[in-house]
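One gets the numbering used here by counting positions in the sequence shown from 1 and adding 25 to each.
One structure is given below, encoded as structure tokens.
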Amino acid sequence: MRPDWDSYFMKIAYAVSERSTCDRASVGCVLVLDKRILTTGFNGSPAGQAHCDEVGHLMVDGHCVRTIHAETNAIIQAALHGVSTRGATCYVTHLPCIHCTKALINAGIARIVYSVSYRNDENAMNFLRAANIEIAHKEFIPET
């Protein structure tokens, strides 16, 4: 059966998450506009630096600060390649954290589709609502 667009792009976000180098959460993100992929991102260390799966986590206040989150990496890729993200949809395996939420708002993202609510950050949800960003929860079970 042919998948709907949300399922199609969510499947791609899960494929992107396989490149993650932080085993605390393998997160993938795909930014899409007009049913075309703009950029992708996964959580991992800055270019040229050691990854969590090589040297371990760098924990500060219960968070690994060695990695850049998937959503932020997708936005950075757009900036590096001169791609506008205004009006795009963000397909992401996990609900964005507060920091990624703010970056997505300022990047002009219009819609967020996520699968896993690993943290229920009411502040992030309030920011998204205040920015009139559509939020859709899409149950997705990746193939094994």
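Here a beta-carbon is modelled for each residue, glycine too, at the ideal position from N, C-alpha and C.
Mind checking which residues open and close the beta strand (DSSP E) that includes residue i?
i	result
R136	136-141
H162	159-162
Note down the Cα distance separating residue i from residue j, rounded to an integer number of angstroms.
i	j	result
A50	I37	17 Å
K60	S32	12 Å
C125	F67	13 Å
I166	A72	30 Å
T114	S70	24 Å
V80	T46	11 Å
I134	P28	23 Å
I100	L120	16 Å
R44	Q74	15 Å
A156	C54	20 Å
R111	A161	18 Å
C77	D86	17 Å
E164	Y39	12 Å
M26	K127	37 Å
R91	D48	12 Å
Check the C-beta distance from residue i over to residue j and give it rounded, since I have them as a contact under 8 Å.
i	j	result
L129	I123	The Cβ separation is near 11 Å, so there is no contact.
V52	Y116	Actually they do not touch by this definition, with Cβ atoms about 11 Å apart.
S42	T118	5 Å
M35	S140	6 Å
T64	A103	5 Å
On the DSSP letters alone, give me the boundaries of the alpha helix (DSSP H) that residue i sits inside.
i	result
A95	95-105
S45	Run containing S45: none; DSSP gives neither H nor E here.
A155	147-155
I123	123-131
V108	V108 -> no alpha helix (DSSP H), and no H or E assigned at all.
D86	Segment: none, D86 is in no alpha helix (DSSP H) and carries neither H nor E.
V90	From DSSP, V90 is part of no alpha helix (DSSP H); its letter is neither H nor E.
D29	Here D29 belongs to no alpha helix (DSSP H), and DSSP marks it neither H nor E.
E79	77-80
Under the DSSP definition of a beta bridge, which residues are partnered with residue i?
i	result
I62	V57
Y116	V55, V138
F67	G53
Going by the C-beta, is residue i closer than 7 Å to any heavy atom of the ligand MN?
i	result
L56	Of the ligands one can find in the structure shown there are none, so the ligand MN has no counterpart to examine.
Taking Cβ positions only, does residue i come closer than 8 Å to chain C?
i	result
Y116	Here there is only one protein chain, and chain C is not present.
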